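Beneath this line is the structure, given in structure tokens, with notes to follow.
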Amino acid sequence: MSSYSQTLADDSTSSEAAGASGRGGASRHGADASRGSGALQATRTSKGVAGSATARTVRKKTLWQRIKRDKVMLLLIAPGFLYFVLFHYLPLPGNIIAFEDYQPYLGFINSAWAGFENFVTIFGDPTFWQSLRNTLVITSLQLVLFFPVPIALALLLNSILSSNVRKFVQSVVYLPHFLGWVIIVSIFSQVLGASGVVPNLLHMLGLPQWNAMTTPAFFPFLVTIQEIWKDAGWGTIIFLAALMNIDQELYEAAAVDGAGPWTRLWKITLPGIMPVIILLFILNLGSILSVGFEQIVLQRNNVGPGAGEVLDTWVYYHGIQDGQWGPAAAVGLVKGIVGLALVLGANKVAHLFGQEGVYSSGK
Numbered sequence: 285m286s287s288y289s290q291t292l293a294d295d296s297t298s299s300e301a302a303g304a305s306g307r308g309g310a311s312r313h314g315a316d317a318s319r320g321s322g323a324l325q326a327t328r329t330s331k332g333v334a335g336s337a338t339a340r341t342v343r344k345k346t347l348w349q350r351i352k353r354d355k356v357m358l359l360l361i362a363p364g365f366l367y368f369v370l371f372h373y374l375p376l377p378g379n380i381i382a383f384e385d386y387q388p389y390l391g392f393i394n395s396a397w398a399g400f401e402n403f404v405t406i407f408g409d410p411t412f413w414q415s416l417r418n419t420l421v422i423t424s425l426q427l428v429l430f431f432p433v434p435i436a437l438a439l440l441l442n443s444i445l446s447s448n449v450r451k452f453v454q455s456v457v458y459l460p461h462f463l464g465w466v467i468i469v470s471i472f473s474q475v476l477g478a479s480g481v482v483p484n485l486l487h488m489l490g491l492p493q494w495n496a497m498t499t500p501a502f503f504p505f506l507v508t509i510q511e512i513w514k515d516a517g518w519g520t521i522i523f524l525a526a527l528m529n530i531d532q533e534l535y536e537a538a539a540v541d542g543a544g545p546w547t548r549l550w551k552i553t554l555p556g557i558m559p560v561i562i563l564l565f566i567l568n569l570g571s572i573l574s575v576g577f578e579q580i581v582l583q584r585n586n587v588g589p590g591a592g593e594v595l596d597t598w599v600y601y602h603g604i605q606d607g608q609w610g611p612a613a614a615v616g617l618v619k620g621i622v623g624l625a626l627v628l629g630a631n632k633v634a635h636l637f638g639q640e641g642v643y644s645s646g647k
């Protein structure tokens, strides 16, 4: 009996010890979990504190510290910033001349106020409308004939597989951009002028000689051809950069699916560079009333003012040479307003068709 009681006592002791051990293990697990949760919470808290500290550090940077941090970027944009400030923003108050009977020796302040008289003067001048018509004809031809050429040239260059051949062609087509208009007009005179290569060749073939440099009806096409020869290669740079950003895996996937070169061009390449095309087209619309000065004035006397006078040369001959400062400034202001309206309108149309345009719609 006594041995049996002792056995029960031993079992009870073992059970209590096991229970105690189990409770102890559970307690340790609970403690471990509690410590883990506490550590996680502490880590989160410390990260939050560190993030808040970092945010406070960023917020506490002074203007000078931020300038010192971004000094390289600021130095890079400084020339462009100064250019726009000096030549585009500081002259803006000079538009007041358009509303004055401006006399240089009296200055802006003492010149008599003329209201809209200068605008009435230019809108009643037949030479102004003739210059506007010539300007619109030339810019329309440039938009139709010149604008697609850099795109087509960039697509052709991008399709050349040999990098050496591509670099050689690129160098050749870039070169005319670095030539001045005096040199380019001289080259065209040597080719198309009265004693140029083309008239002499026509004479040798028994055909009537034709001087393209002095034909008024051909003048808009002549300046457009010169523009294409000079700047078409240079204009490919932006489109080539846009082509480089197209994911090449799209072409590989399309080729696997059996898409031919034309299908890849219409389905991948053109949509890939379409934002750049629209952007440049809108920017060109902004300068639709500006066809340049040097190129036109060098050839204006060959065809006469009736065909060679544009708004830029009208401002020079009537504003500078004849001393009509007010009407000349009014023409410049009209050009700026029309260009701004065209950019805003074209950008709105681009947004309606789901394109980004020059700037975002903000939606």
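Under my numbering, think of the first position of the sequence shown as 285, with each following residue one higher.
Note that the Cβ used here is the ideal one computed from N, Cα and C, for glycine as well.
It should be emphasised that the depicted structure is a prediction, and the values quoted were computed from it without experimental measurement.
Over the uninterrupted alpha helix (DSSP H) stretch that includes residue i, give me the two end residues.
i, result
"P363", "355-368"
"N484", "481-488"
"F577", "Segment: none, F577 is in no alpha helix (DSSP H) and carries neither H nor E."
"N418", "410-425"
"K514", "503-528"
"L569", "554-570"
Reducing DSSP to helix, strand and coil, say where residue i ends up.
i, result
"L636", "helix"
"S287", "Bear in mind that a pLDDT of 43 at S287, under 50, signals an unreliable position, so the model cannot answer this."
"W348", "helix"
"E533", "helix"
"A478", "coil"
"W494", "coil"
"D541", "coil"
"E593", "coil"
"D385", "strand"
"A398", "coil"
"I444", "coil"
"V642", "coil"
"G629", "helix"
"T405", "helix"
"T547", "helix"
"Q605", "helix"
"P375", "coil"
"A317", "Annotation note: pLDDT 44 at A317 (below 50); position unreliable, no value reported."
"F472", "helix"
"G588", "coil"
"E300", "Confidence at E300 is low in this model, with a pLDDT of 44, below 50, so the placement of that residue should be treated as unreliable; the coordinate-derived value is given next. Three-state DSSP puts E300 in a helix."
"L655", "Absent from the model: residue 655. The displayed extent of the chain is 285 to 647, so no value can be given."
"F431", "coil"
To the nearest whole angstrom, what separates the beta carbons of residue i and residue j, a pair I think is in contact under 8 Å?
i, j, result
"V599", "A612", "5 Å"
"G610", "Y386", "5 Å"
"A436", "P500", "Actually they are not in contact, since the Cβ atoms of A436 and P500 sit about 30 Å apart, beyond 8 Å."
"L463", "K514", "7 Å"
From the options, pick the residue whose C-alpha is nearest to that of residue i; which is it?
i, options, result
"I562", "P363, G364, K632, S447", "K632"
"I422", "L524, A625, I512, W397", "I512"
"A625", "G590, S644, W609, N568", "N568"
"R382", "L360, T405, G364", "The sequence shown places Ala at residue 382, not Arg. Minimum Cα distance to A382 is reached at T405."
"T508", "K344, P363, I566, P432", "P432"
"S395", "I444, A525, G378", "G378"
"G616", "L628, D596, G607, V428", "D596"
"S479", "S455, Q493, S424, L489", "Q493"
"H372", "A539, G620, R450", "G620"
"G570", "L628, A501, G607, H487", "L628"
"G603", "R450, D515, F412, L360", "F412"
"I566", "V475, F452, R548, A630", "A630"
"I380", "A614, Q639, F637, G638", "A614"
Would you check if the distance between the CB atom of residue i and the CB atom of residue j is smaller than 8 Å?
i, j, result
"T419", "V618", "no"
"T553", "I522", "no"
"G641", "A634", "yes"
"P483", "N495", "yes"
"G399", "V457", "no"
"V587", "T498", "yes"
"V466", "L582", "yes"
"A538", "I557", "no"
"L359", "I351", "no"
"V469", "V475", "no"
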